[in-house]
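In our numbering, the protein residues as written are 162 to 273. Glycine included, each C-beta is placed from N, C-alpha and C at the ideal position. What follows is a short report on a single structure.
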């Protein structure tokens with residue numbers, strides 16, 4: 162029998178490294194570098210992502226600073242199955258995805 166490329170790299174996994182529950186909120190933890198003890202957690206509507214495009218702090222005049230985080234989000238976790246080695250190596254049609262760039266604006270801990 163001829164082994165597929167994925168079997169040469171790793172044996173097939175019996176689990177997935179990421180769990181997805183469309184009913185659970187997305188939790189974002191913001192940890193200040195200067196004072197990690199003042200970390201805060203924000204609960205957002207469910208979304209799936211695994212790519213962060215960028216993050217930055219934005220200050221508008223005298224208002225409170227916000228943390229901006231740009232994510233490549235998906236409607237669900239089906240992209241993980243689409244990106245498996247077996248499917249990529251055997252793919253004859255182009256990979257299509259339902260991703261979109263989404264910006265989170267989160268208050269920073271300690272800001273008014």
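| Item | Value |
| --- | --- |
| Secondary structure at residue 268, three-state DSSP: helix, strand or coil? | strand |
| Applying the 10 Å Cβ sphere with the 16-neighbour rule, what's the burial state of residue 262? | exposed |
| Can at least three beta-carbon pairs, one atom from the segment 209-229 and one from the segment 263-270, be found at a separation below 8 angstroms? | yes |
| Hey, residue 265 and residue 237: beta-carbon distance below 9 angstroms or not? | no |
| Report the three-state DSSP secondary structure of residue 260 (helix, strand or coil). | coil |
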